[in-house]
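Taking it in order: structure first as structure tokens, then the write-up.
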Amino acid sequence: MAPKGKEVGFVSRPLPAWLRFYLYGMHGLLDEIVFTALFDFIFTPEGNSSLKGYSTIFSFFIYGSCSFFVERVYVFLHLRHGIRWYFRLPLYLLIIYTWEFAFGLVLRQFDACSWDYSHYPLNFMGLVTLVYAPGWTLLCVYQDILSHFLLSLRVTTEVHKEDLLHKLD
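Here the sequence shown is numbered in this note's numbering, starting from 211 and rising by one per residue.
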């Protein structure tokens, strides 16, 4: 509440980039844990009745940086140039596979790569596999929705008009 006699205004700003990165990273980490639990439950012979999922802290940075980059592509292609989602989708998939491969290659040099897809068909160096392409495709569509939502959020703060005028001087 403003002191008596002071005029109050509100300033609305977009969600900061660091916060969007954080949300993308946390979302990706959660997605990976849920995906691995469900994938093992459905597709492994012994099942996964306890629904234990797994990931690594590196995934936070991988998903956060990749999703943030794809968000920038979304802004450029869709918001600035009006390119439809079905034209953006193959580019998103290419970015995701390149990102996963590049990070995996670097992490493997330090014996820190937590995934190995060598036992899946259609894999490349055990770092990426086309087996996951349908799931990645769905997540690419969802990425557009999430990017649009996060870019639409605003942080609103109260400012006193006289303070705002002093900052403009």
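All C-beta atoms in this analysis are idealised placements derived from N, C-alpha and C, irrespective of residue type, glycine included.
Given the structure is predicted, the values throughout are model-derived calculations rather than measurements.
- In the DSSP assignment, P224 forms a beta bridge with R364.
- Residue environment: E372 is assigned as exposed (fewer than 16 neighbouring CB atoms within 10 Å of its CB, all protein chains considered).
- The closest CA to that of A227, considering only A312, S357 and E368, is found on S357.
- Excluding sequence positions up to five before and after V283, its CB lies within less than 8 Å of the CB of R298, L301, Y302 and I305, all in the same chain and listed in chain order.
- Counting the other Cβ atoms within 10 Å of the Cβ of G257 gives fewer than 16, which makes it exposed.
- Residue burial annotation: R230 is buried, with at least 16 other C-beta atoms found within 10 angstroms of its C-beta.
- Here Y352 is exposed: its Cβ has fewer than 16 other Cβ atoms, across all protein chains shown, within 10 Å.
- At the C-beta level, S265 and Y234 stay beyond 7 Å of one another.
- Taken in chain order, the complete alpha helix (DSSP H) segments of 4 or more residues contained in the stretch 251-285 are 267-284.
- Rounded to whole angstroms, the gap between the alpha carbons of V221 and V365 is 8 Å.
- The three-state reading of DSSP puts G219 in strand, counting E and B together.
- Take L337, set aside five residues on each side of it, and the residues of its chain with a beta-carbon closer than 6 Å to its own are F311 and G314, in chain order.
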